[in-house]
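Residue numbers (the working numbering), protein chains in the order written: chain F, 1 to 298; chain B, 1001 to 1309.
From the three backbone atoms N, C-alpha and C, an ideal C-beta is built for every residue, glycine too.
None of the values given here were measured: they were computed from a predicted structure.
Here the structure is laid out as structure tokens; the discussion comes afterwards.
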Amino acid sequence: MATKTSAGRRLAILGFLGPFALLFAATIILPIGFAIYQSLLGVEHTGPLGRGETHSVFVGFANYAAALSSPGFVASLGRVLLFAVIQVPLMIVLATVLALLLDAASARWVTFFRSAFFLPYGVPGVIASLLWGFLYTPGLSPLISLANAVGLNVDFLGSGSILWSIANIVTWQFAGYNMLVIVAQLKSIDADLFEAAAIDGASAWQTIVSIKLPMVRPAIVLTTVFTIIGTVQLFGEPLILRPLSGAITSDYTPNLSAYNEAFANNNYNLAAAESVLLALVACAFSFGFLKLVNRSER
Amino acid sequence: MSTTLQQPKASADQDPTPTESGDLRKKRRRPTSVPARILVTAGLAVAAIYFLFPVYWIVVAATKNAGDLFGTSGLLFNNPHLLRNLGDVLTFNSSIYLRWVGNSLLYSGVGSVVATVVSVAGGYCLAKFPFRGREAVFNVFLAGVMIPGTALALPLFLLMSNVGLVNTVWAVLLPSLVSPFGVYLARIYASAAVPDSVIEAARLDGAGEFRIFFTLVLRMMMPAAVTVLLFQFVGIWNNYFLPLVMLSDQKLYPITLGLVSWQSVSDRHPELYQLTIGGALLSVIPLMIAIVSLQRFWRAGLTEGSVKG
């Protein structure tokens, strides 16, 4: 291989890959390294009563220990994990069902429905949160007045329901996109398979279970991984809903906690440790899920 | 991970074009019973109501004045004056809304175009130029797909403030130029859709590597490039955490940040409720039109790379 790499090729490799590699190093590798470095430092105050100069000192894993022993941060990690365990399967199932329904529907309506489901993907997360925030607000929301009219008392913003109100926003936004990925995979299934199934007298349900679902499995795995990564980053939705709901604390999610440590408490070192922990959790879950899938495949 | 995500066994001739697959579908669809069809349509209709309801609500709400917003039913139009409301949105605070739209277009437009060219070139290189350590480099890039963007925003802020770029256009633009997912997609696409023979022939004709890339390869990789461009554009447009962390000057805000800044003070200035609603509607309409009319590209791109395995 190396012998084939002439000077011209080498220049080409540098020219083609160089810009990306440079940007990747500057905006992904460097920040990760810097976050890890910062997370190992602490601020020390010197002088009388600790009011003199401040300077950074190496503190080892003290910030990690502080983050992991802070009840608020640990609770926030638990919260996004609970969120992921419930919301991710729910949304993936919804996306799969919608894709299968579209696959079975008469051709005339398919475009309309597919567009309607995909539409929310074009709405930025914070604007989706603003929108649903209005729909969760008593006095503004027609949903609440409808519920009240039939004698139901609903509170979308209470401490028991707010997490699921956020789950609804995320599902609303991304179910259609995930559906589109699965629809794409369904379309690429070889038509011969369906013919063979029809000859064997398979019912529609049998076709779904033994052909369609196994064939769209890679798409489902992929969307699940990306959804998990997205879910643990939960930030915009709770931040936007915070003025509306007293149940959302300043460390409601790990990201919100890191943001507050950095910008409200000026504790960048602790914030860096929390960011690193969050990245680790996201990677662990994504890889764990992929491993699980790969193992059951064999 | 690589076993599931990679496997560039896709081949360009294999994927069905929309018309082809349409024909296939007609042939393969067996007549279904009437109750089953009603059930399917009912399910789809219920889902459509769910997805469209907030859109309907905001259209209705945007036509109301501040008093009617809280006083009348959110489901019915009442004394609509949409144009006056939208005019207020556009002129409030010396038309800062238009400036936010312009900023969003700048960040998303420049960011996505540059990111696309850079990652398509990188993916092509990784697919067609063997060099030592290539797989290792690719795996590092692939790991980048897994890093949560928001975990990077804080350290990026600290780095940017060290070099004095915080609260400038560059603080938002620079991190937007990188798309690890784009490189991943471009590599898979290039190994499937760009034949070695074409490159070799061009080389024999004496064309330089960069000329080959810009005149031949880029055109062949267009479908993948469009997908990367769309993903990146929407990603930057929707990004909230990064600009929130980086920017303090309202005049540099993208539209998402701007609208939230209105919403967050609307309990003290109730007229901003109406402006937030109208502004959200205005900003979302072109996006939704674009998303729906470009569906074909999302689909094509996704079948192409990410989903094959």
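Can you say whether residue i is buried or exposed, counting buried as having 16 or more other CB atoms within 10 angstroms of its CB?
i         : result
B:Tyr1056 : exposed
F:Lys291  : exposed
B:Phe1214 : exposed
B:Lys1064 : buried
F:Glu274  : buried
B:Ala1047 : buried
B:Asp1249 : exposed
B:Lys1027 : The pLDDT assigned to B:Lys1027 is 44, lower than 50, so where the model puts this residue is not dependable, and the model offers no usable value.
F:Ile28   : buried
B:Phe1051 : buried
B:Ser1283 : buried
B:Asn1093 : exposed
B:Gly1208 : exposed
B:Ser1293 : exposed
B:Gln1232 : buried
F:Phe24   : buried
F:Ile162  : buried
B:Arg1187 : buried
B:Gly1087 : exposed
B:Asp1023 : Caution applies to B:Asp1023, whose pLDDT of 45 falls short of 50 and renders its modelled position unreliable; the value that the coordinates give is listed next. Flag for B:Asp1023 reads exposed.
F:Asp200  : exposed
F:Asn265  : exposed
F:Asn148  : exposed
F:Pro138  : exposed
F:Ser6    : exposed
B:Trp1237 : buried
B:Lys1009 : Unreliable positioning characterises B:Lys1009 in this predicted model, as indicated by a pLDDT of 36, which lies under 50. The coordinate reading is nonetheless provided below. Its Cβ having fewer than 16 others within 10 Å, B:Lys1009 is exposed.
B:Asp1013 : Reliability fails at B:Asp1013, whose pLDDT of 38 lies under 50, so the model's placement of it is uncertain and the value that follows must be treated cautiously. Answer is exposed; the Cβ neighbour count stays below 16.
F:Phe16   : buried
F:Arg10   : exposed
B:Val1307 : Because the pLDDT of B:Val1307 is 37, which lies under 50, any placement of that residue in the model is unreliable, and the number read from its coordinates should be weighed accordingly. Looking at its Cβ environment, which holds 16 or more other Cβ atoms inside 10 Å, B:Val1307 is buried.
Terminal residues of the continuous beta strand (DSSP E) containing residue i?
i        : result
F:Thr253 : Note, F:Thr253: premise wrong, no beta strand (DSSP E); not H, not E.
F:Ser56  : Thr54 to Phe58
Tell whether a beta-carbon distance below 7 Å holds between residue i and residue j.
i         : j         : result
F:Leu131  : B:Pro1286 : no
F:Gln173  : B:Thr1150 : no
F:Ser159  : F:Ala247  : yes
B:Leu1281 : F:Pro142  : no
B:Pro1270 : F:Ala279  : no
B:Gly1279 : B:Ala1062 : no
F:Ser129  : F:Ile169  : yes
F:Val216  : F:Gln185  : yes
F:Leu101  : B:Gly1043 : yes
F:Ser76   : F:Leu157  : no
F:Thr223  : F:Asn178  : yes
B:Ser1112 : B:Leu1244 : no
F:Ala167  : F:Gln87   : yes
F:Phe117  : F:Leu98   : yes
B:Leu1154 : F:Ala271  : yes
B:Ala1202 : B:Leu1216 : yes
B:Tyr1184 : B:Leu1142 : yes
B:Tyr1124 : B:Ala1045 : no
F:Thr256  : F:Pro238  : According to the sequence as given, residue 256 of chain F is Leu; it is not Thr. Yes; because the gap between Cβ atoms is below 7 Å, this pair is in contact.
Determine the extent of the alpha helix (DSSP H) in which residue i is found, giving its start and end residues.
i         : result
B:Gly1144 : Arg1134 to Met1146
F:Val183  : Ile162 to Lys187
F:Gly42   : Note, F:Gly42: premise wrong, no alpha helix (DSSP H); beta strand (DSSP E) at Leu41 to His45.
B:Gln1250 : Where B:Gln1250 is concerned, there is no enclosing alpha helix (DSSP H), given that its DSSP letter is neither H nor E.
F:Arg301  : A query on residue 301 of chain F cannot be resolved here, the shown segment of chain F reaching from 1 to 298 and no further.
B:Asn1162 : Gly1149 to Asn1162
F:Ile28   : Segment: none, F:Ile28 is in no alpha helix (DSSP H) and carries neither H nor E.
My assumption, with CB atoms under 8 Å, is that residue i sits in contact with residue j. Please give the rounded CB distance.
i         : j         : result
B:Leu1259 : B:Ser1266 : Not really, about 10 Å apart at Cβ, beyond 8 Å.
B:Pro1254 : B:Asn1103 : 5 Å
B:Val1145 : B:Ala1224 : Going by Cβ atoms, the distance from B:Val1145 to B:Ala1224 rounds to 15 Å, so no, they are not a contact pair.
B:Leu1177 : B:Val1118 : 7 Å
F:Ala175  : F:Ala95   : 5 Å
B:Ala1193 : B:Met1221 : 7 Å
B:Ala1171 : B:Leu1247 : 7 Å
F:Gly236  : F:Val126  : 5 Å
Consider the C-beta atom of residue i and the heavy atoms of the ligand FAD; say whether any pair is separated by less than 6 Å.
i         : result
B:Met1246 : Ligands in the displayed structure: none, and consequently the ligand FAD is not present.
Quiz prompt | Completely contained alpha helix (DSSP H) runs for the stretch 1066-1112 of chain B, where each covers 4 or more residues | solution = Listed in chain order, they are 1066-1071.
Self-check item: Residue ranges of each alpha helix (DSSP H) within the stretch 182-225 of chain F, 4 or longer
Solution: Fully enclosed alpha helix (DSSP H) runs of 4 or longer: 191-199 and 204-207.
Quiz item: What alpha helix (DSSP H) runs, 4 residues minimum, are completely inside the stretch 1179-1222 of chain B?
Solution: Qualifying alpha helix (DSSP H) stretches, in chain order: 1180-1193 and 1196-1204.
Practice problem: Entirely within the stretch 115-139 of chain F and at least 4 residues each: give me those alpha helix (DSSP H) ranges in chain order. | Solution: Whole alpha helix (DSSP H) segments, 4+ residues: 125-136.
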